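Residue numbers (this note's numbering): 2 to 491. Backbone N, C-alpha and C define an ideal beta-carbon position, used for all residues, glycine too. Quick caveat, the model's predicted, so the values are computed rather than measured.
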Amino acid sequence: MTLIFSGNDYKYELEGVMKLFIPASLFKHVYADSIETDDDYIFAREKSFGDYTLLYVIASAEGLKAHKAHIVRKSDCGLDSDKELIMSRLLFSVMHKITGKSSKWGVITGIRPVKRVNAMLSEAMDKEQIFTVLKEKYLCSDEKCELSYLTALTQRSAIEALKERSFSLYVSIPFCPTRCSYCSFVSQSVEGSMKLIPEYLNKLCEEIRYTGSLTKKLGLTLDTVYFGGGTPTTLTAPQLERLMRVIAESFDMSTVREYTIEAGRPDTITEEKLKAIKAHGCSRISINPQTLNDSVLEAIGRKHTSEQFYDSFSLARKTGFDVINTDVIAGLPTDTPESFRHTIDELIRLSPENITVHTLSIKRSARINQSGDRSVLDNPAAEMVEYANEKLLAAGYRPYYLYRQKNMLDNLENIGWAKQGCESLYNIYIMEEIQTILAMGAGGSTKLVDLAGHRLTRVFNYKFPLEYNKHFDLMIKKKNEIEEFYAEKE
Ligand code: SF4
């Protein structure tokens, strides 16, 4: 498929809209004022004449052709972002005509739809006004308007409680016992990289200490801590204990409101590890079954059973974890609506404080995708997610954060559900990009947020443990960007 742009460069947005209709495709981009291709194409033209701008889209695909145009007065629509949005709606309309497909999120293709709702709430817009914008500007369905609005409302108290000059600490443990087939995460299986761990932990402790003294110098206060991965509980109890001790020595922990570890894989959880984690003030844990159907677990190469999940869950409760999150995925290969319903019903029965319902997203680097088996895309994920939404709402859970990824089945979303008062602060702050996150370890991406100055700066660590270990000193030098950022903010 060739995308031809004339008089504009709305490449990113328009490609995003095209992916709603023709997912997992490669697009060729051409800048030209005429259509010269034998391929399927879209031609997106912006042309000025006098006080007016003409925007139009012609599409030719699947043996069909459609077009649509719109004229705007320059004084009413001077911004490129406004014209880009109009062009997106035109494209959505012609592609809908050709393919018969639609998307409940309309032309919202970004990963954070709730951010828009929060921005409108901050401008004191009421529900009706917000829904009008979502529907008319973004072609959003009633269902997604309700979902994003309810999510934004659930987030309000966490957003209001956010303190100036506070930050969250992210600690990356990019190791897993084995690799799941749907995973594209930069994680290294322990079998292949066991020898990297000791040096990795030495460097990580050094980075934590360095960051601790830097934040003291800058007068920043630690708000939340999040151990993510990979699977942090791949580490042994003494290794976890050491990391958490170094954190406690490096930061003032008295201001910490939330401390999470993403244990993830139930097969890595032991009583000894849970006790060590708990002793250091970690009170929120994620134990992720993904499905409670053993044959599906086997099909996705997740080397644990549903029984191991039940055991880990009750062990975590016994050890005193007050907030447990459980992740599930809708649309897993070989899963069925019936078995997915069973997973949701069972989780509701266990009553964790958080349940996160992901939709399968087929990333290019996942093993499942490299196998070339496209049948995984023919999965009733939408039906599964609908069931989860209804059941979780009825059981008293509320959506509290939501995000979308590329290539998600049925253009769906991932939704974090929480019992009232148990919403994860870290998840809200990172998703809405309203708090600085200082990331430690390989694959970590620090986000420096200046809300008043509307600035967001990223500082990346090396992606892989081997590079992280090898080029650590160079990477630490780059951290002076953190100091520069706060100096500019003053
Ligand atoms: S446990 Fe998570 S991060 Fe690790 S391989 Fe499986 S899906 Fe990927």
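Item: 7 Å Cβ shell around Ile99 - same chain, five flanking residues per side excluded; Value: Ala60, Ala62, Glu63, Leu65 and Ala67
Item: Option in Glu414, Ser194 and Met245 with minimal Cα separation from Ile209; Value: Met245
Item: Cβ separation of Met441 and Ser173, assumed to be a contact under 8 Å, to the nearest whole Å; Value: 7 Å
Item: Whole-number beta carbon distance between Glu384 and Leu215, since they are thought to touch under 8 Å; Value: The pair is not a contact, with the Cβ atoms about 49 Å apart (cut-off 8 Å).
Item: Nearest-angstrom beta carbon gap, Val297 and Thr335 [assumed within contact, 8 Å]; Value: 5 Å
Item: Thr179 beta carbon near ligand 1 (any heavy atom closer than 8 Å); Value: yes
Item: As assigned by DSSP and simplified to three states, the class of Asn470; Value: helix
Item: Distance CB(Val450)-CB(Glu434) smaller than 9 Å; Value: yes
Item: Same chain, Cβ closer than 8 Å to Tyr53, neighbours up to 5 away in sequence not counted; Value: Ile72, Val73, Arg74 and Lys75
Item: Nearest residue (CA-CA) to Ser158, options Leu241, Tyr402 and Asp346; Value: Tyr402
Item: Assigned exposure category for Asn203 - 16 Cβ within 10 Å defines buried; Value: exposed
Item: Range covered by the alpha helix (DSSP H) that runs through Arg117; Value: Pro114 to Ser123
Item: Rounded C-alpha distance that separates Cys423 from His472; Value: 39 Å
Item: Heavy atom of ligand 1 within 8 Å of Thr230 beta-carbon; Value: Looking at the sequence shown, residue 230 is not Thr but Gly. It does: the Cβ of Gly230 is within 8 Å (strictly closer) of some heavy atom of ligand 1.
Item: Heavy atom of ligand 1 within 8 Å of Gly445 beta-carbon; Value: no
Item: Runs of beta strand (DSSP E) lying entirely within the segment 360-444, each at least 3 residues, in chain order; Value: 399-404, 415-419 and 437-441
Item: Whole-Å CB distance - Arg46 paired with Tyr57, under 8 Å assumed; Value: 5 Å
Item: Where the beta strand (DSSP E) containing Val324 begins and where it ends; Value: Val324 to Ala331
Item: Supposed contact pair Ala249 and Ile288 - C-beta distance, whole angstroms, cut 8 Å; Value: That belief does not hold up - the Cβ atoms of Ile288 and Ala249 are roughly 24 Å apart, past 8 Å.
Item: Distance CB(Thr458)-CB(Ser169) smaller than 9 Å; Value: no
Item: Option in Gly220, Leu413 and Thr38 with minimal Cα separation from Ala1; Value: Beyond the ends of the chain as shown, which are 2 and 491, falls residue 1; an answer cannot be given.
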